[in-house]
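Student:
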Amino acid sequence: MNSAQSRLSLLLLFTPFVLWLALLIIIPHIFMLLVSISVKTGVREYVTGLGNYMVFFTEPLYWNTFTRTAFMSISATLLTLLIGFPVAYYIAKLTRGRTKTTLFLMCLIPFWVSELVRTFGWMILLRETGVFSSALQYFGIVSEPIEFLYNDAAIMIGLVYTSMLFMVVPLVTTLDSLDDSLIEAGYDLGGNGITVLREIIIPHAMPGIVSGCIVVFMLSLGNYLTPILLGGKDSLWFTGLIYDQFITRFNWELGSAFGFLLLILSSTIVWAGLKLSGQSLTNTVGR
Amino acid sequence: MIRTLPQSNTFKWTYRAYVTLFFVYLALPLTVVCLMAFNDSVFPSLPWEGFTWDWFFGDEAPYIGVFNDRSILRSIGTSMFVAFWVSLLSIAVGTTNAFLFVRHDFKFKEFFYILMLLPLIIPGIILGISILVFSNAVANNLENATGMWFDGLRPGLPLVILGQFSFIATFATLVISARLEKFDRSLEEAALNLGATRMGAIRQITLPFLFPAIAGAAVVAILMSFENFNTTLMLVGSDAPLTINMFDRLKLGSTPVLNAVSLLLIVVSALLGLASLLFQGREKSN
Chain A
1 MNSAQSRLSL
11 LLLFTPFVLW
21 LALLIIIPHI
31 FMLLVSISVK
41 TGVREYVTGL
51 GNYMVFFTEP
61 LYWNTFTRTA
71 FMSISATLLT
81 LLIGFPVAYY
91 IAKLTRGRTK
101 TTLFLMCLIP
111 FWVSELVRTF
121 GWMILLRETG
131 VFSSALQYFG
141 IVSEPIEFLY
151 NDAAIMIGLV
161 YTSMLFMVVP
171 LVTTLDSLDD
181 SLIEAGYDLG
191 GNGITVLREI
201 IIPHAMPGIV
211 SGCIVVFMLS
221 LGNYLTPILL
231 GGKDSLWFTG
241 LIYDQFITRF
251 NWELGSAFGF
261 LLLILSSTIV
271 WAGLKLSGQS
281 LTNTVGR
Chain B
1 MIRTLPQSNT
11 FKWTYRAYVT
21 LFFVYLALPL
31 TVVCLMAFND
41 SVFPSLPWEG
51 FTWDWFFGDE
61 APYIGVFNDR
71 SILRSIGTSM
81 FVAFWVSLLS
91 IAVGTTNAFL
101 FVRHDFKFKE
111 FFYILMLLPL
121 IIPGIILGIS
131 ILVFSNAVAN
141 NLENATGMWF
151 DGLRPGLPLV
161 ILGQFSFIAT
171 FATLVISARL
181 EKFDRSLEEA
191 ALNLGATRMG
201 AIRQITLPFL
211 FPAIAGAAVV
221 AILMSFENFN
231 TTLMLVGSDA
241 PLTINMFDRL
251 KLGSTPVLNA
261 VSLLLIVVSA
271 LLGLASLLFQ
281 GREKSN
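Read top to bottom, the protein sequences are chains A and B. The first sequence stops at residue 287 when you use full-length UniProt numbering, and every number in between is there. The second sequence stops at residue 286 when you use full-length UniProt numbering, and every number in between is there.
1) Starting from the Cα of Leu277 (chain B), find the closest Cα among B:Ile121, B:Ile125, B:Val175, B:Glu189 and give me that residue.
2) Is there at least one Cβ from chain B nearer than 9 Å to Trp252 (chain A)'s Cβ?
3) State the beta-bridge partners of Gly42 (chain A) as determined by DSSP.
4) Report back the beta-carbon spacing between Leu13 (chain A) and Phe99 (chain B) to the nearest angstrom; my notes put them in contact at under 8 Å.
5) Tell me whether Asp105 (chain B) sits in a helix, a strand or coil according to DSSP, three-state version.
6) What separation, rounded to the nearest whole angstrom, lies between the Cα atoms of Leu252 (chain B) and Val117 (chain A)?
7) How about Phe71 (chain A) and Tyr62 (chain A): are their beta carbons less than 9 Å apart?
8) Whose C-alpha, out of B:Pro123, B:Pro208, B:Val133, B:Met148, is nearest the C-alpha of Leu180 (chain B)?
9) In whole angstroms, what separates the C-alpha of Phe166 (chain A) from that of Ser220 (chain A)?
10) Between the C-alpha atoms of Pro203 (chain A) and Ser75 (chain A), what's the straight-line distance to the nearest angstrom?
11) Pop quiz: Ile114 (chain B) and Met234 (chain B) are said to be a contact at Cβ under 8 Å. What is the actual Cβ separation, rounded to whole angstroms?
12) How many angstroms separate the CA atom of Pro170 (chain A) from the CA atom of Val160 (chain A)?
13) Name the chain B residues that come within less than 8 Å of Phe31 (chain A), Cβ to Cβ?
14) Using DSSP with H/G/I as helix, E/B as strand and the rest coil, what is Asp59 (chain B)?
15) Using CA coordinates, which residue listed in A:Thr282, A:Ser3, A:Met32, A:Tyr46 is at the minimum distance from Ile131 (chain B)?
16) Grouping DSSP H, G and I as helix and E and B as strand, with all else coil, what is Ile109 (chain A)?
17) Using a Cβ-Cβ cut-off of 9 Å, state whether Met148 (chain B) counts as contacting chain A.
18) Hey, Ser269 (chain B) and Trp112 (chain A): beta-carbon distance below 9 Å or not?
19) Just reading off the alpha helix (DSSP H) that Pro212 (chain B) is part of, what are its end residues?
20) Using the Cα positions of Arg98 (chain A) and Val133 (chain B), report the straight-line distance between them to the nearest angstrom.
21) How would you label Leu82 (chain A), buried or exposed, when you count the other beta carbons within 10 angstroms and need 16 or more for buried?
22) Consult DSSP for Ile76 (chain B) and reduce its assignment to one of helix, strand or coil.
23) If contact means a Cβ-Cβ distance below 7 Å, which residues of the region 95-111 of chain B contact chain A?
24) Can you say whether Gly201 (chain A) is buried or exposed, counting buried as having 16 or more other CB atoms within 10 angstroms of its CB?
25) Out of B:Ala218, B:Asp248, B:Arg249, which one is the CA nearest neighbour of Ala92 (chain B)?
26) Any Cβ of chain B within less than 9 Å of the Cβ of Gly222 (chain A)?
27) Measuring only the C-alpha atoms, how far is Asn286 (chain B) from Ala213 (chain B)?
28) For Leu263 (chain A), return the contacting residues in chain B, with the cut-off set at a CB-CB distance below 8 Å.
29) Where does the unbroken alpha helix (DSSP H) through Gln164 (chain B) begin, and where does it stop?
30) Which term fits Arg287 (chain A), buried or exposed, when burial requires 16 or more other beta carbons within 10 angstroms of its beta carbon?
31) Can you list, in chain order, the residues of its chain whose CB lies under 7 Å from that of Phe73 (chain A), leaving out five sequence neighbours each side?
32) Under DSSP, the alpha helix (DSSP H) around Gln137 (chain A) begins and ends at which residues?
33) Can you check DSSP and say which residues form a bridge with Asn39 (chain B)?
34) Using the Cα positions of Val102 (chain B) and Gly232 (chain A), report the straight-line distance between them to the nearest angstrom.
35) On the three-state DSSP scale, how would you describe Ile64 (chain B)?
36) Name the two residues that bound the continuous alpha helix (DSSP H) containing Leu81 (chain A).
Below, the structure is given as structure tokens:
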């Protein structure tokens, strides 16, 4: 291939890439930033300023919802890791052949289904006339129907359930690549289960843990369906506030500011996660 | 804690019980959704009132089944239309991106690669509002300048397609790049030596090699598009895709017709998912 031809093909391949990224990602975000720093002073009159961000910091409801969303997303991430890790380890190290494929597939299938259907399932299980409440009454443990929906625990169950796949799959992949003989060596050298886990298994699984945590955290933070449907009207989830500002109140300036704050929070945590674990975006998310 | 090392029985059985419990937890919500699709009651909840097919085939209110529910059928059509275009755009850009990043070296390649990954770490709802804000600004300016209407830039299906495509393209790029990296370039050179043109060699040799990855990416794109909610929610106009339609009904409270739709969705997405795995399996055996 001569160099003129090569330059031409580079140009041809670069065009769709740039169009896609510039028109759908970069420029829209610049516009969102510009809208978020324009403050409405009258009908169709705007001045540039940080007024929208000031509203966020001075109104406790917004500020509390923001920290609450962040805190619950972090908790959901850790919970998903704690629940998912033993399962991923079991699939990767204690099964083989057909069993392994079957178990792995069983983990995947629920997640090909829309999140809406999964959340709907939890609503049927948890609501007052639902499966759990009826079962408890049937067995005589309680005498009245119990409402399990519309509280933080319900949101948590939904978030953990809905993100599980994104934790288990990277964990299985990294644990699969850990050579059994390393674990054996750990035991031969006098380690017990806990030291082997701490010194060999977890360090090896770190890329999987980081990429799982990043994706789960992001998905929880940006989730709208699960908190709204399982948490009800008072779920106080930040994406709910963004939706209200955009669609219900038509206050795009404040909504854009909220959007930017959410973006900053999510990017900061992703960045911090990568830095703390010494990983890069390319080898965690981009695989 | 590996197969070759002996473990105490208590530990082994506790571990197995935990894993079993985990799979029960995974299966439970989907199972109840499917079971309630056959409950002869107007609410998708207990008590069990007997078995019925009405939520699939019923045509008398309130027992309107999926196949007679116009608004559900229309929204399925809308979702398919959106999924088709999203998938087509994503594999087109995914393929050119794969060639760009695997075959070419250019300045700031690392930087551009990270930019390419960005859509994965931007929450879907923010992708939605940023595209909404931008397209609205463009539409306002164009309308002020020309005096014509630009409905395609207002919330509606074209924006939904663009919004979903904005991040699904990254997935397609990753899947197709992984396959292209494994391609043996000497095959292409052989074709060139035998007198093929560059485009001819790519069409005859490289693209058939990439086919399993492209098909797999297309299936994944269709699945992701069908089930996308966050980005779609911010960009949707009057034609609601299936997930939006179901969400609206779910908020108001609906008959088990939603369970019937969900059951169909579960079956179809499981089949599509298995199909995409099959494509990937072919890819490995090649």
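C-beta atoms are modelled at their ideal positions from N, C-alpha and C, and glycine is treated no differently. Since we're looking at a predicted model, the values are computed, not measured.
Tutor: Inspection of the coordinates gives the following:
1) B:Val175
2) yes
3) A:Glu45
4) 5 Å
5) coil
6) 16 Å
7) no
8) B:Pro208
9) 11 Å
10) 22 Å
11) With a Cβ gap of about 25 Å, Ile114 (chain B) and Met234 (chain B) do not count as contacting.
12) 16 Å
13) Ser130, Val133, Phe134, Ala137
14) strand
15) A:Met32
16) helix
17) no
18) yes
19) 207-227
20) 50 Å
21) exposed
22) helix
23) Thr96, Asn97, Phe99, Leu100, His104, Phe106
24) It should be noted that the sequence gives Ile, not Gly, for residue 201 (chain A). Buried, because 16 or more other Cβ atoms sit within 10 Å of the Cβ of Ile201 (chain A).
25) B:Ala218
26) yes
27) In this prediction, Asn286 (chain B) scores a pLDDT of 43, lower than 50, which makes its location untrustworthy; the coordinate-derived value is nonetheless stated afterwards. Spanning the two alpha carbons is a distance of roughly 12 Å.
28) Ile122, Pro123, Ile126
29) 157-181
30) With a pLDDT of 49 at Arg287 (chain A), under the threshold of 50, the modelled position of that residue is not reliable, and the figure given next carries that caveat. Exposed, by the Cβ-count rule.
31) Per the sequence shown, the amino acid found at residue 73 (chain A) is Ser instead of Phe. Counting only Cβ-Cβ distances below 7 Å, and skipping sequence neighbours, we find Phe217, Ser220, Leu221.
32) 131-138
33) B:Phe51
34) 47 Å
35) strand
36) 60-89
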